[in-house]
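For reference, the structure is listed below as structure tokens.
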Amino acid sequence: MFWNRKQELLQIRKQRGKPSLGYVTGRRRVGKTALLVKACEEYNGLYHQAVEGAPSQQLLHLSEEIGQKLPLFREIIPKNWNEFFSLLSREKLPPLIVFDEFPYWVQGDDTLPSLLQKWVDHELPKKKTCLFISGSSQSMFFSQFLRHEVPLYGRVQIHLPLEPMGYSWFCKALRHRVGDPGSFLRFSLVGGIPHYWKLMSEGDPIKQADSLYFAPGALLSDEPSQMLRDEGINGSVPKAILDLVGRGVSKPSELASRLGIPQGNLSRPLALLLELSFLKRELPFGESLRTTKKLLYRIEDPVLSFYYGIFLPFRSRWPMMKREEKMGLLKQHAARQWEIFCRRCYPGSGRYWEKGAEIDLVAPQVQNSYLIAECKWTALKFQMEKKLLRELEEKFRRSSLAEKMTGKKIIFRVFSQKDLAFLASNR
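Count along the sequence shown from 1, add 218, and you get the number used in my numbering.
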């Protein structure tokens, strides 16, 4: 089934029939192909998914498929990409064309971006068609479109970055109750990736974790490694960084110390992991890189977080663990995701920390006010919630943040499992 993506489909609909170039980016399995196939079905487009292999093989597959709508390719199979674009120029093209898994073509012939640039500059303006390209490798798209020196730089009219879907869509797709903590526990295992939703077995979260990660041949036990391969991330340092961050090592100095290398040598691998969204960099709310050295790294993606924080450290012991131990690990993982979920429900929010004070959520509100919140993944009784609220107020009052917010209206909240449906409605 196809869920959500209404805004992206609307943007494609507005662009179809116009001489333009677009591309879709997003992490592996996020739904790029599903979106583009749906767009071609609805808007009379032409879709082709590239295959790995030699250019001659790729051109044969392409000609066989697009020949159904472009008759010239039933008669002639181009010998190279230059000949392909020459033949494409002679055809009457549909309002939308999609070349999916474009990086496979570039791997086979690195002159392809230059040939495409020439066609986009000289032939596409004569056509009433929008050409979209996509692929699993985000790093390839960054290198081909965002660097000043590359052939396709500045040629794009539309870029659609696909983000994982939210918790509410997960519940809608799998018919889970939004306000049920068990639903969120299940969501924390797979996040907002629709393809993973299809893999979820029946049963409780422990059985689902078993089938998704720990069973022989489980897909998600190899998925992070495949994501790294897709992005061309090689070498031991980036993988070791992810492993350490997943286990709770978050400061750059600690990472360098654990790895036994100078901190300066981490700059490039950290920048790459940040650019591709494997890592998230955090600063205390209200601070910038110019004003503070309090810098932390964390893994926010639920699958990557579970893989590096739970699967790798406990995979050998998991089969021998008691049910209570396994559930404890799942709840520990869900608690980390709960904090992230709460912050995402409030745009512009962040964490704040200093010596002696750590606040889970600080968010700007209307009328010059701020929300200060504690995020607890548990079922709180009234008296316990009041106690936590008092402690939160005291913690805030003695922090430097309180001085910076003098004269502002401050709203204090404790978000627990009972707030799940409320927060989901805000997201």
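Backbone N, C-alpha and C define an ideal beta-carbon position, used for all residues, glycine too.
Over what stretch of residues does the beta strand (DSSP E) that includes serine 238 continue unbroken?
238-243
Beta-carbon spacing of glycine 221, methionine 418 below 9 angstroms
According to the sequence displayed, residue 221 carries tryptophan and not glycine. Taking 9 angstroms as the Cβ cut-off, tryptophan 221 and methionine 418 do not qualify as a contacting pair.
Touch test, the segment 536-556 against the segment 583-595, Cβ-Cβ under 8 angstroms, three pairs minimum
yes
Rounded Cβ spacing between leucine 314 and cysteine 258 (contact assumed at less than 8 angstroms)
6 angstroms
Contact under 9 angstroms by Cβ, arginine 404 with valine 463
no
Got a sec? Which residues, its chain only, sit under 7 angstroms from lysine 626 by beta carbon, not counting five neighbours each side?
Asn586, Ser587, Tyr588
Specify, as a first and last residue, the run of the beta strand (DSSP E) that arginine 516 falls within.
514-516
Alanine 433 burial status per 10 Å Cβ neighbour count (16 or more: buried):
exposed
Quick one: what does DSSP say tryptophan 556 is sitting in, helix, strand or coil?
helix
CA nearest to the CA of lysine 604, picked from Glu576, Met623, Ala575, Ser634
Ser634
With which residues is phenylalanine 317 paired in a DSSP beta bridge?
His266, Ile351
Between proline 399 and leucine 638, which are expected to be in contact by the criterion C-beta below 8 angstroms, what is the C-beta distance as a whole number of angstroms?
6 angstroms
Sub-9 angstroms separation of leucine 513 and leucine 507 beta-carbons:
yes
So, are the CB atoms of proline 412 and glycine 249 less than 9 angstroms apart?
yes
By DSSP, does leucine 606 sit in helix, in strand, or in coil?
helix
Near glutamate 309, what residues of its chain come up, given a Cβ to Cβ distance below 6 angstroms and the 5 sequence neighbours on each side ignored?
Leu288, Leu290
Given that a residue counts as buried once 16 or more other Cβ atoms are within 10 Å of its Cβ, and exposed if not, what is phenylalanine 402?
buried
So the candidates are Gln375, Leu460, Ile294, Asp440; which of them puts its Cα closest to the Cα of glycine 235?
Gln375
Could you give the distance in angstroms between the alpha-carbon of arginine 447 and the alpha-carbon of glycine 453?
11 angstroms
Going by the CB atoms, is the gap between tyrosine 526 and leucine 460 shorter than 9 angstroms?
yes
C-alpha gap between valine 316 and tryptophan 323, whole angstroms
14 angstroms
On the CB-based measure, 16 or more other CB atoms within 10 Å of its CB, does alanine 581 come out buried or exposed?
buried
Just the C-alpha distance for glutamate 293 and histidine 340, rounded to the nearest angstrom, thanks.
25 angstroms
Distance, Cα to Cα, lysine 549 vs leucine 378?
34 angstroms
Cysteine 593 bridges to which residues according to DSSP?
Phe633
Could you tell me whether the segment 261-272 touches the segment 236-245, using the rule of 3 or more Cβ pairs below 8 angstroms?
no
For lysine 224, which beta-bridge partners are listed by DSSP?
Paired residues: none, contrary to the question.
Leaving out five residues on either side along the sequence, give the residues of the same chain with a beta carbon under 6 angstroms from the beta carbon of serine 354.
Arg246, Asp448
On the DSSP letters alone, give me the boundaries of the beta strand (DSSP E) that glycine 568 sits inside.
568-572
Between which two residues does the beta strand (DSSP E) carrying glutamate 283 extend?
Taken as a continuous stretch (DSSP letters only), glutamate 283 belongs to no beta strand (DSSP E), being part of the alpha helix (DSSP H) at 273-284.
Under the three-state DSSP convention, the category histidine 551 falls into:
helix
In the DSSP assignment, what are the bridge partners of serine 587?
Gln583, Lys627
How should glycine 410 be labelled, buried or exposed, when 16 other C-beta atoms within 10 angstroms of its C-beta is the threshold for buried?
buried
Give a yes or no on contact between the segment 567-582 and the segment 613-620, applying the rule of three or more CB pairs nearer than 8 angstroms.
yes
C-alpha distance - leucine 497 paired with phenylalanine 600, whole-angstrom precision
36 angstroms
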